[in-house]
Structures are given as structure tokens and as C-alpha cells.
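Take the sequence shown: its letters are residues 1430 to 1795, numbered as in the working numbering.
For every residue, glycine included, the Cβ atom is placed at its ideal position computed from N, Cα and C.
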Amino acid sequence: MHIFSRLSRFWIYYFIIRFIYLLFAVLVYAQLTTLGDNYLSAFIRPFSWGIFYNSTHFMFFWGGIIATVFRENVILSNLPAMFISFFAVKWAVDKLELRKYVNNRLLLLMISFPNFSIWTSIWSKETFGLVFTAIIAVLIINFINGNYKIKKIDILAFYLCLLFNPQFMPFILQGLVFIFIANNLLKHKPMGQFWLAIVFLCINVLFLYAIRDIVNMYAETMHSFFVFPEAGATRENIFLEENDFFRHLPRGMFISFFGPTLTEMVENPLHAIAGIESLFKIILFLYLSKYVLIGCLRKFHVFPVPVISYIMIFIGIGFIHYPFGIFNPGSAIRYRSRFIFLFIILLLYLYSRGNAYYQTRKGLRV
């Protein structure tokens, strides 16, 4: 009770929201669709070093201990994950002092999206995706502000990222390297920063061109992971010919992020809800980017380092997410929950920075 006595009303509300999502997930949502892989069974697996480098072994090992302690009670067994998610979100928001610059209602809305909250309130890999992206989001913003110190918690985040989603790491590191170079060697040189971004883009394109045969080989196998009954509404395979992966890239990235198509939303109520959430989320993301858009139109300062680094990270992670979300709307929404908080925190910071800058300009005019 001592912990809760120190929480503000805002965080008490958010904890209650999280707990409601937990109850909804295990008591209602689980009856309507599958809640992914069940890592909670009262069977403690023998210790093996695999728990340190294999995410599935990690989830089953600790999930077995938790389920045994709580006698497989579906609510209590998932409660540790809900606590982990709650404090990961709270830590990031408090660390960046976002409540000083962002309206509490908007902030509460942004961190309480239904599918994100459902998947990160249960014992799932998405919960740990939230943890490492929360820490990495703060690290990225520290880099933007000129604080390049790597702390123990950042090393933990890198480890969890490599354990659960190592494919994210190249783009996160690129963003950090770009910020460091731009801040130290190209400070106050927006055109230099722009050309540096072009260099990064060319390196990525050339690397992708060099490994195109490997990409095509893996793309041909992706659909096979979504043809089982538990995969749900599996779409037709679109990676049939050589370079189909690249041919469908822009549209595929959008569908993989958005989730269900319009037809799927009409046919399935759950997909309709997910689609409405995705649309609402995109509108809010555009709203959080409004000061950048206004700055571009009115030739105000548009924060090139944050904007360019965000684009690199967002597009890079979206590119990696594309083959995992293109064949199944449920998988698209579920896997998106692993990285969406990174997008939310970075955009909230950009919004708060833009708001402060705009208010300063308004004050100077007065």
C-alpha cells in the first residue's frame, strides 16, 4: 500500500485502467480469440542457459515459476506482467517529465490504447517489448539533448531487445549514431544533417540490394508461419515471385502497421475495433507532429535532428514489421504492441518540445 500512497491521481487512474484491461484480456478477450502463445503453465522447466539467449525459453521458464506460485490462477499469474508494464510506462513518462508539457487527458489516452494495453497487460513477449522500448525511447531523447551516457538500465534494454527483437537493433543504433554525429559534428548545420541522412539511406539501400537474394529466400517462407488454424484470418501469400517482397513494400508496410483491411473490418467486429483504433492512432500521431508540419509550412524551426532520427527509426522498424504483419491482421496488431510505445513516447516528446517552442515564439511576438 505504501507504493500506491505515493502515486498521484493520474497514475492511480492509469493503474486501474491497466487492471481492467488485464481482466478484459483473460476473462473476455481470451474467449473471443487466441491470446497468442500461452507461456503460463504450472510446469517449471529445468534450468538451461537457453533462457538467456532464447526468448521462448525465457518466457516458458519464468512463466512456469509464476504459474506455479499462483496455482495457475489466470488473473494472478498475469498480474506480474501488468505491474511490469505499468511501471515501465510510468518510469518513461516521469523520466521525461511529459506531464509538465502534455495535457493529462491526451497523455492518458495515448498510453491506454486498447490493443496495446491488452497485449502488454498479460504474460507475453509484447510486455517485454514495452519494457525495452520504454528505456530506449528515453535513451534516444537523452541523446537528442546531448546526454550520451549509457547506463546499466540502457544495457538491460539492449539485451532485452537482442533477446526478443534483435531485428530492431540496427535501426535503433543507426538513429543513435545519427544523433551523435549530427549533434557533435553538424550542429546548427541542417543541410549537413540532411545529407548525413541521405548517406545513411544510401548505405541501407545498398546493403539491402546486396542481400536481396537472402531477403527473397526468407520472404518465400513467411506465409507458412500463418497457415495454421490458431493463426486466425490468414491472407493469401503475396510473396510468390522474385522481388515480390520489395514490390509490395510501401503498401505492405502500411497494412502491417494498420492491421485489418476495410473488408476485414466489415466482416469481423474485432477487426473493426482494431481498425478504428489504428485510424484513431494515426490521427493522434499526426496531431502530435503538428508543430513539425506547421514549421515546415511557415518556415519555423523544425528540429531536424529529432525529426530525421525519428524517420530513420520509424521506417526501419516498420520495414522489419512488414513481413510479420502482412499476412494476418491479428498478428500485425499484436506484434505492433512491442514497439508502438517507442513511437508514442518519441512523438509525445516532439509535441512537448514543439509546444514549448511555439509558445516561446508567441510570447516574443506579444
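Here ARG1500 is not near ALA1459, since their CB atoms are 8 Å or more apart. Inter-residue distance for CYS1590 and ASN1666 is about 29 Å (C-alpha atoms, whole angstroms). C-alpha of SER1546 to C-alpha of HIS1700: approximately 16 Å in a straight line. In the three-state reduction of the DSSP assignment, SER1550 falls in the coil class. With contacts defined by Cβ atoms closer than 8 Å, MET1694 and PHE1748 do not form a contacting pair. DSSP places HIS1652 outside any alpha helix (DSSP H), giving it a letter other than H or E.
Under the rule that a run must span 4 or more residues, the alpha helix (DSSP H) segments found entirely inside the segment 1484-1570 read 1484-1498, 1503-1524, 1533-1539, 1543-1548. Counting along the chain, SER1738 sits inside the alpha helix (DSSP H) bounded by residues 1733-1754. Note that the segment 1494-1513 touches the segment 1441-1456; at least 3 beta-carbon pairs, one per stretch, sit closer than 8 Å.
Annotated as distal: ILE1610 and LEU1775, with beta-carbon spacing of 8 Å or more. Secondary structure note for TYR1468: it is in no alpha helix (DSSP H), with a DSSP letter that is neither H nor E. Excluding five sequence positions before and after LYS1719, the CB atoms of its chain that fall closer than 8 Å to its own CB belong to TYR1780, GLY1783, given in chain order. Annotation for THR1692: the continuous alpha helix (DSSP H) segment containing it runs 1691-1696. By the C-beta density criterion, LEU1536 is buried, having at least 16 other C-beta atoms within 10 angstroms. With respect to the C-alpha of ILE1446, the residue from ILE1540, ILE1712, TRP1491, VAL1498 having the closest C-alpha is ILE1540. For LEU1602, the three-state secondary structure derived from DSSP is helix.
When only Cα atoms are considered, VAL1634 and GLY1479 end up about 34 Å apart. With fewer than 16 other beta carbons inside 10 angstroms of its own, HIS1617 counts as exposed. Excluding the 5 residues flanking it on each side, ILE1773 has same chain C-beta neighbours closer than 6 Å at MET1539, in chain order. Between the segment 1525-1533 and the segment 1555-1563 there are fewer than three inter-stretch CB-CB distances shorter than 8 Å, so the stretches are not counted as touching.
Classified as buried, PHE1607 has 16 or more neighbouring CB atoms from the shown chains inside 10 Å of its CB. In the structure shown, HIS1700 falls within a helical segment according to DSSP collapsed to helix, strand and coil.
DSSP places TYR1482 in the coil class of the three-state scheme, outside both helix and strand. Remark: three or more beta-carbon pairs, one from each stretch, lie closer than 8 Å, so the segment 1590-1600 and the segment 1482-1490 are flagged as touching.
Taking a C-beta distance under 8 Å as the contact criterion, ILE1494 and LEU1771 do not qualify as a contact pair. An exposed status is given to LYS1578, since fewer than 16 other beta-carbon atoms sit within 10 Å of its beta-carbon. The continuous alpha helix (DSSP H) containing GLN1622 extends over residues 1619-1639.
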